[in-house]
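Below is one structure, written out as structure tokens; comments come after it.
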Ligand code: SF4
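Numbering (the working numbering), first residue to last: 1 to 254.
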């Protein structure tokens, strides 16, 4: 950080996942400058969070109080648009025959519009208003490819600086009691409607939160969607059938 300017703010963009959480812990442990944390909550609709409920509880009842108790103000940002706004967006200017006039439907895995419009856009708007800041990014020492994308000046990794792998980041969070409970049943922290979730994760999510899962099944019955694909070509009904079959097999084996 040789090019650092006097008065430049230091920010951690924090999701509550192990890598960003460990980054904040490391900043505090090592006395790195840290002016604020910013957390972006993707919303399913105006009232319902896109966070897995167990993780949302962790964020609001554990992560934010801990950071603020350690002198790090946390800014919560949300986009103007929700998942449902994007789902019911009517396509008007597509060059693809048959698309115009239809609802956009489920976000595509690998090209998630929710990430851009409901997460990165509000985060970037917030960061723009903070001026010329240095961001601590939660990329671990063993994520070489992702580290290559950091410029090392305005975006830096404290995990790499202090030699923390992803496993080390998890261990550090556990040491502080700041390891999200979402990792008990999911390999990654993300939206509960994420098409990148594995079937086993959806299965456990459905078991814990049948009401939320039902909302996806109901969306799958919407008329006039441009596509009914929910997870890499599979409809939500097909994913539901697969995870129900797998759950039934598990019960047989038990
Ligand atoms: S977690 Fe999944 S659904 Fe949520 S923004 Fe990221 S890619 Fe999109």
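For each residue, glycine too, the CB sits at the ideal point set by N, CA and C. Small disclaimer: the values here were computed from a predicted structure and weren't measured.
Q | C-beta atoms of residue 54 and residue 182 nearer than 8 angstroms | A | Position 54 of the chain shown, counting from 1, holds the residue named residue 54. Position 182 of the chain shown, counting from 1, holds the residue named residue 182. Taking the C-beta atoms as reference points, residue 182 is found nearer than 8 angstroms to residue 54.
Q: Closer than 7 angstroms by C-beta to residue 212: which residues in its own chain qualify, once you throw out the five before and the five after it? Chain order, please.
A: Taking the first residue of the chain shown as position 1, residue 212 is located at position 212. Hits under 7 angstroms: 192.
Q | residue 136, enclosing beta strand (DSSP E) - first and last residue | A | Numbered from its first residue, the chain shown carries residue 136 at position 136. Here the beta strand (DSSP E) through residue 136 covers 134-136.
Q) Taking the alpha-carbon positions, what's the residue 210 to residue 151 distance? A) By 1-based counting over the chain shown, the position of residue 210 is 210. By 1-based counting over the chain shown, the position of residue 151 is 151. If you draw a straight line from the Cα of residue 210 to the Cα of residue 151, it comes to about 43 angstroms.
Q. From which residue to which residue does the alpha helix (DSSP H) around residue 239 run?
A. Taking the chain shown and counting its residues from 1, the one referred to as residue 239 is at position 239. Its alpha helix (DSSP H) spans residues 236-253.
**Q.** Distance between residue 24 and residue 31 (C-alpha atoms, nearest Å)
**A.** As a position in the chain shown, residue 31 is number 31, starting the count at 1. As a position in the chain shown, residue 24 is number 24, starting the count at 1. If I take the Cα positions, the gap works out to 11 angstroms.
Q: May I ask which residues mark the beginning and end of the alpha helix (DSSP H) holding residue 173?
A: One-based indexing of the chain shown puts residue 173 at position 173. Where residue 173 is concerned, the enclosing alpha helix (DSSP H) stretches over 166-175.
Q. Near residue 133, what residues of its chain come up, given a Cβ to Cβ distance below 6 angstroms and the 5 sequence neighbours on each side ignored?
A. Here the question's residue 133 lines up with position 133 in the chain shown. Correct list, in chain order: 9 and 11.
Q. Just to confirm, does residue 224 get its C-beta within under 7 angstroms of one of the non-hydrogen atoms of the ligand SF4?
A. Taking the chain shown and counting its residues from 1, the one referred to as residue 224 is at position 224. Distance from the C-beta of residue 224 to the nearest heavy atom of the ligand SF4 is not below 7 angstroms.
(Q) I'd like to know whether the C-beta atoms of residue 75 and residue 38 end up nearer to each other than 8 angstroms. (A) As a working mapping, residue 75 is identified with position 75 in the chain shown. As a working mapping, residue 38 is identified with position 38 in the chain shown. Yes, Cβ-Cβ distance for residue 75 and residue 38 is below 8 angstroms.
**Q.** CA nearest to the CA of residue 236, picked from 216, 246, 160 and 247
**A.** The residue you call residue 236 lines up with position 236 of the chain shown. From the listed residues 216, 246, 160 and 247, the smallest Cα separation to residue 236 is found for 216.
(Q) Comparing C-alpha positions only, which one of 63, 117, 108 and 187 sits nearest to residue 81? (A) Here residue 81 is taken as the residue at index 81 of the chain shown, counted from 1. Residue 117 is the option with its Cα nearest to residue 81.
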